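Visitor: Each residue of the sequence shown is one higher than the last, beginning at 31 in the working numbering.
Structure incoming, see below.
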Amino acid sequence: MKKAMKIYLVEDDPTILSLLKSHLEKDYQVAAVSNFRDIKNEILDFEPDLILMDITLPFFNGFYWTSEIRKQSTVPIIFISSSNDEMDAVMALNMGGDDYITKPFSLTILDAKIAAFLRRATQFATDSLSYKNYQLHFDSSLSNEVQKISLSPTEHKILSLLFSNQGAIVSKEELLKSLWDNDQFIDQNTLNVNMTRLRKKLLDIDFDYIHTVRGVGYILK
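Okay, structure coming up:
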C-alpha cells in the first residue's frame, strides 16, 4: 500500500493509540487527534483517506463526530470500540460509520478491512463526471484547472444527478427520490433551500450553470 494513503486516529486511550500508530505507520501516513473539542476541523485539515473512530471520547462521543463529518465528507469511517453491545454497532452504522470492530481486535483483520476500504476508495477517486472545464469526483469534490472544493454527501448526490443528465431537465421528484435516505429532504421546500445553499457554495469555484425550470426542476446548461 502506498505511503501517501492517510489514516486519522480518533482514540483517547494512549496504549491503544500507541499500538495503532506504530503498526499503521509502517504502511500509511498516520495522524491522531490532538484537540478533542475540534476533531472535525482537524480531520478536514488532514484530509484522511480513512478514519478509525472510538465511541467513548472526551466532550463529545464518536457518534456525534461521525454525524458532523458526514455533513462534508464520505471518507470511510471504521469504529473501534470496547463495547460489544449490538445497539452501539447499529448506532455507529446509522450515524454514518462503514464498519464496527470490537476491542480487543486482531491487527490482521484490521489491516484487511483498511486495505479493502482504501482499495475501493482509490477506485472511486479515479472516476469522475465532467461538465465544461469542471470535474465532479467520486471523493465528493468538484474541481477545475485552478480550484477544488469539498462537497457534502448531499451536495455530491445533487450534482451527480445533474452531471449525469446534462442538457436535460432533472425534476424535483427525481432529486427527492435520489436523496430519500437523507432526512433533510422531506419536501420540495427543503430541497429548494438546499439547492440555494449549494448554488451559493458553487460560486466560490465560479460554477454558475444550474438553472431552474419553474415548476418542474433543474437543468445544467
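The beta carbon of each residue, even a glycine, is placed where N, CA and C say it ideally should be.
In this text, all values refer to a predicted model and were calculated from it rather than measured experimentally.
Taking the alpha-carbon of K202 as reference, which of D236, S180, V243, G247 has the nearest alpha-carbon?
Guide: Per the Cα distances, G247.
Visitor: Assuming L123 and Y130 make a contact with CB atoms under 8 Å, what is their CB distance in whole Å?
Guide: Confirmed, Cβ separation roughly 7 Å.
Visitor: Can you tell me whether S111 is buried or exposed, with buried defined as 16 or more other CB within 10 angstroms of its CB?
Guide: Buried, by the Cβ-count rule.
Visitor: Please tell me whether F90 and Y38 are closer than 7 Å, where the distance is taken between their beta carbons.
Guide: The answer is no: Cβ separation not under 7 Å.
Visitor: How about K187 and L209: are their beta carbons less than 7 Å apart?
Guide: The answer is yes: Cβ separation under 7 Å.
Visitor: Using CA atoms only, rank isn't needed, just tell me which of Q102, S52, M83 is closest to F93.
Guide: Out of Q102, S52, M83, M83 has the C-alpha closest to the C-alpha of F93.
Visitor: Ignore the nearest five residues each way along the sequence and tell me which others in A198's own chain have a CB closer than 8 Å to its CB.
Guide: So the qualifying residues of the chain are I249.
Visitor: Would you grab the beta carbon distance between D79 and V105 for me? Rounded to a whole angstrom, and I think it's under 8 Å.
Guide: Sure, about 7 Å apart at Cβ, within 8 Å.
Visitor: Mind checking whether V60 and E72 have CB atoms under 7 Å apart?
Guide: Not closer than 7 Å, so no.
Visitor: If we count the other Cβ atoms within 10 Å of its Cβ and call it buried at 16 or more, is F215 buried or exposed?
Guide: Caution applies to F215, whose pLDDT of 43 falls short of 50 and renders its modelled position unreliable; the value that the coordinates give is listed next. Classification for F215: buried.
Visitor: Indicate whether S180 and S173 have their beta-carbon atoms separated by less than 7 Å.
Guide: No, these two residues do not count as a Cβ contact at 7 Å.
Visitor: When burial is assigned at 16 or more other CB atoms within 10 Å of the CB, is E55 buried or exposed?
Guide: Its Cβ having fewer than 16 others within 10 Å, E55 is exposed.
Visitor: DSSP state of T220, grouped into three classes?
Guide: Residue state, collapsed to three classes: helix.
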